[in-house]
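Asker: Below is the structure I would like to discuss, written out as structure tokens.
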Amino acid sequence: MDVLLVAHGRYSEGLLSSAELIAGKQENVGIINFLEGMSQEDVKEKIENYIEDKNNVLILVDLLGGTPFKMASMVVNENSEKNLNVVTGMNLNMLLEAVFNSTEENIDVLTSSVKSAAISGIDDLRNILNPGIEEDDVFEDGI
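Residues in the sequence shown are numbered consecutively from 1, following full-length UniProt numbering.
Laid out in structure tokens, this is it:
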């Protein structure tokens, strides 16, 4: 399964850089930066070019309703013969889940897994630190 990151500014680029720091070079992850001066059609064309020779692509976008989401959704709808889906709210947990499960061929299974990873990665320090757990134990090892 290929993964395409599409977002405003250089968010896609930064997210991939972070993922590669953790998981190594990613050959099946593409990025599209939606930069100042680009039109919606430019974004759509870049998405179309990326998926042109691919049949299984999970597209992660930053914002529901934003240009990356709208253009990715349009491309998915226009290419119903391909195995494509769009997931919004792109974050590092989602990308790592997709990368570590890139051999999954069922896009619905990968989509569900990616969404679950995003949700499970949200918490706050007060909830994490229980009175019975020492702070040093929680932060003993980093990624």
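Ideal Cβ placement from N, Cα and C applies to all residues, glycine included.
Measure the alpha-carbon distance for residue 113 versus residue 97 and round it to whole angstroms.
Answerer: The residue labelled residue 113 in the question sits at position 113 within the sequence shown. The residue labelled residue 97 in the question sits at position 97 within the sequence shown. Whole-angstrom Cα-Cα distance: 7 Å.
Asker: Would you kindly check if the distance between the Cβ of residue 35 and the Cβ of residue 92 is under 8 Å?
Answerer: On the sequence shown, position 92 is the one that residue 92 refers to. On the sequence shown, position 35 is the one that residue 35 refers to. Going by C-beta atoms, residue 92 is not nearer than 8 Å to residue 35.
Asker: For residue 14, does the three-state DSSP call read helix, strand or coil?
Answerer: In the sequence shown, counting from the first residue as 1, residue 14 sits at position 14. If DSSP states are grouped into helix, strand and coil, residue 14 belongs with the helices.
Asker: How should residue 37 be labelled, buried or exposed, when 16 other C-beta atoms within 10 angstroms of its C-beta is the threshold for buried?
Answerer: Counted from its first residue, the sequence shown places residue 37 at position 37. Exposed is the call here.
Asker: Report, in whole angstroms, the separation of the C-beta atoms of residue 72 and residue 47, which I expect to be a contact under 8 Å.
Answerer: Residue 72 sits at position 72 when you count from the first residue of the sequence shown. Residue 47 sits at position 47 when you count from the first residue of the sequence shown. With a Cβ gap of about 6 Å, residue 72 and residue 47 count as contacting.
Asker: So, at 8 Å on beta carbons, what are the nonlocal neighbours of residue 40 in its own chain, with the 5 sequence-adjacent residues on each side left out?
Answerer: Walking along the sequence shown from the start, residue 40 turns up at place 40. The residues are 67, 70, 71.
Asker: Can you tell me whether residue 17 is buried or exposed? The criterion is at least 16 other CB atoms within 10 Å of its CB, across all chains shown.
Answerer: Counted from its first residue, the sequence shown places residue 17 at position 17. It counts as exposed.
Asker: Compute the Euclidean distance between the alpha carbons of residue 11 and residue 43, then round it to the nearest angstrom.
Answerer: For the purposes of this step, residue 11 is identified with residue 11 of the sequence shown, where counting begins at 1. For the purposes of this step, residue 43 is identified with residue 43 of the sequence shown, where counting begins at 1. Distance between the alpha carbons of residue 11 and residue 43: 14 Å.
Asker: Terminal residues of the continuous alpha helix (DSSP H) containing residue 51?
Answerer: Stepping through the sequence shown from its first residue, residue 51 is reached at position 51. Unbroken alpha helix (DSSP H) run through residue 51: 40-51.
Asker: What are the start and end residues of each continuous alpha helix (DSSP H) run of 4 or more residues lying completely inside the region 46-92, in chain order?
Answerer: The qualifying runs are 67-78.
Asker: Among 53, 90, 63, 99, which has the Cα closest to the Cα of residue 118?
Answerer: Along the sequence shown, read from residue 1 onward, the residue named residue 118 stands at position 118. Nearest of 53, 90, 63, 99 to residue 118, Cα basis: 90.
Asker: How far does the alpha helix (DSSP H) with residue 5 in it extend, from its first residue to its last?
Answerer: In the sequence shown, residue 5 corresponds to position 5, counting from 1. Premise fails: residue 5 lies in the beta strand (DSSP E), 2-8, not in any alpha helix (DSSP H).
Asker: For residue 100, write down the residues that DSSP places opposite it in a beta bridge.
Answerer: Along the sequence shown, one-based indexing puts residue 100 at 100. Paired residue(s): none; residue 100 is not in a bridge.
Asker: In the DSSP assignment, the beta strand (DSSP E) including residue 149 goes from what residue to what residue?
Answerer: Limits of the chain in this structure are 1 at one end and 143 at the other, which puts residue 149 out of reach.
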